Every structure is written in C-alpha cells, then in structure tokens.
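Asker: The structure is given below, and queries will be raised subsequently.
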Amino acid sequence: MLSPAASLGPSAWLLPWAALAALAYGAAMVWPRTHQSHPPRLLLLAAWCLHLASIACGLLLAVPTFGFGPALSITGWLAFTVYAIEYQVLPRLPPQRWLLAVAAASALLGALYPGPPLPDRHSLWMATHMALGISSYGLFAAAVFHGWLMRRAEKRMRSASALDAGDDLPLLALERLTFRFAQAGFVLLTATLIAGLLFRDTVYGQAWAWRHKEVFSALAWMTFAALLLARWRMGLRGKKAVRILNAGAILLLLAYVGSRFVMEVILA
1 MLSPAASLGP SAWLLPWAAL AALAYGAAMV WPRTHQSHPP RLLLLAAWCL HLASIACGLL
61 LAVPTFGFGP ALSITGWLAF TVYAIEYQVL PRLPPQRWLL AVAAASALLG ALYPGPPLPD
121 RHSLWMATHM ALGISSYGLF AAAVFHGWLM RRAEKRMRSA SALDAGDDLP LLALERLTFR
181 FAQAGFVLLT ATLIAGLLFR DTVYGQAWAW RHKEVFSALA WMTFAALLLA RWRMGLRGKK
241 AVRILNAGAI LLLLAYVGSR FVMEVILA
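Heads up: the sequence shown is residues 1 to 268, going by the numbering used here.
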C-alpha cells in the first residue's frame with residue numbers, strides 16, 4: 001500500500017496550506033455556538049482561501065499532479081463554497097458543523113495523496129474536461145447535502161421536535177434547491193461524458209473503451225437521468241427521490257475517485 005510519504009515532493013508544497021486550512025476549519029467548527037462576534041466568519045474565509053491555495057498549488061506546480069485526493073479536495077471545497085454562499089443569501093439555513101469536518105478532511109487528503117503527474121499534452125482540452133467533471137462532482141455533492149437537509153426537515157416535522165422545525169428552511173424550498181443542483185450537475189456530467197467520448201484520444205492518448213470508470217460514469221448518468229425524468233413525469237419526491245440521488249452520487253464517486261484510489265493507493 002502506498003504511504004502518504006511516498007508523494008513527498010508535491011505534498012511538501014501542498015501540506016502546509018492544507019494543514020492550515022484544516023486548522024481554520026477545526027477552529028470554526030469548535031467555536032462556541034453562543035458567540036456572536038465576527039471571528040468565526042473570518043475563520044471560515046481564511047479556511048476557504050487556504051483550501052483554495054492548497055488546490056491551486058497542486059495544479060500550478062512545475063509538474064502538475066492530480067488524483068483521487070485532489071478530486072475529493074476540490075469537491076469538498078466546492079460543496080463548502082455553495083453552502084457558504086447560500087448561508088449568506090438564506091440566513092435561515094441551519095449551520096452544519098460536520099460540513100467543516102468534511103472540508104478539512106478533503107483538504108488533507110488532497111495534500112497527502114496528490115496523485116500522479118498530469119500528462120503533458122493538450123492541456124486546454126484536459127483542463128476543460130477536468131473542470132466539467134469536478135464541477136459536476138461539486139454540484140451533486142451539494143444536491144446530496146440538500147437532500148439530507150430535506151430528509152431531516154421532513155423527519156423533524158413529523159416528530160416531537162416539530163417545534164424546532166422553524167430553524168430549517170421550508171421543506172419545499174429545500175426540495176427545489178436539491179433538484180436544481182441535481183439538474184445543473186446532470187448537465188455538466190452529460191457534457192463531461194460527451195467530451196470524454198469525442199476527445200479521449202486527443203486528451204489522454206487512449207481510444208474509448210468500457211473500463212470501470214466509463215461503466216460507473218454511465219451508470220451514474222442513467223441513474224440521474226431516471227431520477228430527473230421521474231421527477232418531471234411523475235412528480236417523484238421525498239425519501240425515494242433522495243435514495244436514488246444518493247445511489248447516483250455513490251456511482252459517480254466510484255467512477256473516478258474510487259478507481260483512482262484503487263490505482264494510487266491499493267495497487268501502487
């Protein structure tokens with residue numbers, strides 16, 4: 001099994017930024033809930049900037065690297081970015097401290113396992129393909145997060161804690177947000193798959209083949225397509241819709257992050 005130290009070169013650049021980001025996330029996470037001053041917001045901004053710096057370092061090195069760690073790091077950063085923007089626009093959105101823990105863990109994983117060097121060929125096409133794919137990851141992560149909020153709000157409405165439901169966004173608002181993120185992620189995932197199908201030989205120097213990554217990506221696409229079609233035609237909602245969304249997200253996670261984890265950590 002590959003140890004984190006095996007990638008000491010890139011990690012030496014990435015780890016300080018990621019560690020500082022994780023510390024800032026952690027400080028914000030344990031900040032007293034009753035405190036009303038500005039340091040938590042400043043800590044979150046610092047964590048966001050430091051996390052972004054760790055991502056940028058990996059992509060802007062003399063020999064850029066990318067693998068399952070950076071993919072998770074960017075996904076965590078995007079999910080946190082979406083939540084932070086929503087929190088400013090929708091003050092009733094409840095704070096989720098566990099999301100800070102996820103973002104901190106993703107930043108550290110991105111630094112500890114930076115992945116192999118990117119091939120030096122057709123960087124514009126590769127950058128476009130990667131940007132589309134990672135953006136779809138982030139949007140589906142946001143959809144899954146809002147789906148969890150939706151299920152939690154629904155349970156609280158039906159339980160004895162219904163009096164506390166006023167702390168949440170209205171259920172219909174959470175449902176709309178969940179499906180909007182899913183729709184946007186589906187559009188980007190479709191564009192990613194089309195780009196991979198048409199330009200794989202140009203981008204990666206390999207012809208199209210049905211490997212595990214392509215199979216899981218296609219299964220994820222079909223799952224999301226079925227979800228959105230059922231939503232449009234039959235008004236699918238609630239627990240069943242969230243379960244299908246989660247299943248598609250797991251398939252999508254296995255498509256790239258899972259396959260790269262096996263290749264970079266288990267089989268390396």
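Backbone N, C-alpha and C fix where the C-beta goes; we use that ideal spot for every residue, glycine too. Note that this is a predicted model, so its numbers are computed, not measured.
Taking the alpha carbon of Leu43 as the point to measure from, which residue in Ala84, Pro64, Ser11 has its own alpha carbon closest?
Answerer: One-based indexing of the sequence shown puts residue 43 at position 43. Measuring from the Cα of Leu43, the nearest candidate turns out to be Ala84.
Asker: Touch check for the segment 136 to 147 and the segment 171 to 180: three-plus C-beta pairs under 8 Å?
Answerer: The segment 136 to 147 is in contact with the segment 171 to 180.
Asker: Pull up the CB-CB distance for Phe186 and Leu228, whole angstroms please, since I reckon it's below 8 Å.
Answerer: As a working note, residue 186 is residue 186 in the sequence shown. As a working note, residue 228 is residue 228 in the sequence shown. Phe186 to Leu228, Cβ: 6 Å. Contact.
Asker: Is Trp221 buried or exposed, if buried means 16 or more other CB atoms sit within 10 Å of its CB?
Answerer: Locating residue 221 in the sequence shown gives position 221, counting from the first residue. Buried, since its Cβ has 16 or more Cβ neighbours within 10 Å.
Asker: Skipping 5 residues on each side, what residues in its chain have a beta carbon closer than 7 Å to that of Ser136?
Answerer: Position 136 of the sequence shown, counted from the first residue, corresponds to residue 136. Closer than 7 Å at Cβ, skipping near neighbours: Gly185, Leu188, Leu189, Thr192.
Asker: Helix, strand or coil: which one does DSSP assign to Pro117?
Answerer: Sequence index remark: in the sequence shown, residue 117 carries index 117 (1-based). Of the three classes helix, strand and coil, the one that applies to Pro117 here is strand, per DSSP.
Asker: Would you report the Cα separation of Thr81 and Trp48, rounded to the nearest angstrom?
Answerer: As a working mapping, residue 81 is identified with position 81 in the sequence shown. As a working mapping, residue 48 is identified with position 48 in the sequence shown. Roughly 8 Å between the two C-alpha positions.
Asker: Going by DSSP, what residues sit across from Thr81 in a beta bridge?
Answerer: Within the sequence shown, residue 81 is the residue found at index 81, counting from 1. BP columns for Thr81 are empty, so no partner.
Asker: How big is the Cα-Cα spacing for Ser54 and Leu112?
Answerer: Within the sequence shown, the letter at position 54 stands for residue 54. Within the sequence shown, the letter at position 112 stands for residue 112. Approximately 11 Å, taken between the alpha carbons.
Asker: Give the straight-line distance between the Cα atoms of Ala105 and Ala21, rounded to the nearest whole angstrom.
Answerer: Position 105 of the sequence shown, counted from the start, is the residue given in the question as residue 105. Position 21 of the sequence shown, counted from the start, is the residue given in the question as residue 21. When rounded, the distance between both Cα atoms is 10 Å.
Asker: Please work out which residues of its chain come closer than 6 Å, Cβ to Cβ, to Thr75, disregarding the five sequence neighbours upstream and downstream, and give them in chain order.
Answerer: Translated into positions along the sequence shown, residue 75 becomes position 75. Closer than 6 Å at the Cβ level, and outside the excluded window around Thr75, lie Tyr137, Gly138, Ala141.
Asker: Closer than 9 Å, CB to CB, is Leu108 near chain C or not?
Answerer: In the displayed structure, chain C is absent; only one protein chain is listed.
Asker: Can you say whether Ile134 is buried or exposed, counting buried as having 16 or more other CB atoms within 10 angstroms of its CB?
Answerer: Mapped onto the sequence shown, residue 134 falls at position 134. Buried: at least 16 other Cβ atoms inside 10 Å.
Asker: Could you check whether Thr223 and Ala255 sit closer than 9 Å to each other, using their CB atoms as the reference points?
Answerer: Mapped onto the sequence shown, residue 255 falls at position 255. Mapped onto the sequence shown, residue 223 falls at position 223. No, these two residues do not count as a Cβ contact at 9 Å.
Asker: What does the alpha-carbon distance come out to for the pair Leu50 and Gly110?
Answerer: Translated into the one-based positions of the sequence shown, residue 50 becomes position 50. Translated into the one-based positions of the sequence shown, residue 110 becomes position 110. Distance between the alpha carbons of Leu50 and Gly110 is about 13 Å.
Asker: What's the C-alpha gap between Arg237 and Arg41?
Answerer: Stepping through the sequence shown from its first residue, residue 237 is reached at position 237. Stepping through the sequence shown from its first residue, residue 41 is reached at position 41. Cα to Cα, the separation comes out at about 34 Å.
Asker: To which residues of the same chain is Ala195 closer than 6 Å at the C-beta, ignoring the five residues directly before and after it?
Answerer: As a working note, residue 195 is residue 195 in the sequence shown. Here the set comprises His129.
Asker: So, at 7 Å on beta carbons, what are the nonlocal neighbours of Ala18 in its own chain, with the 5 sequence-adjacent residues on each side left out?
Answerer: In the sequence shown, residue 18 corresponds to position 18, counting from 1. So the list reads Ser54, Ala107, Leu108, Gly110, Ala111, once near-sequence residues are dropped.
Asker: Whole angstroms is fine: what's the gap from Ala46's alpha carbon to Met157's?
Answerer: Working through the sequence shown from its first residue, we reach residue 46 at position 46. Working through the sequence shown from its first residue, we reach residue 157 at position 157. Each residue's Cα considered, the two are about 36 Å apart.
Asker: Taking 9 Å as the threshold (C-beta atoms), are Val63 and Leu118 in contact?
Answerer: Mapped onto the sequence shown, residue 118 falls at position 118. Mapped onto the sequence shown, residue 63 falls at position 63. A contact, by the Cβ cut-off of 9 Å.
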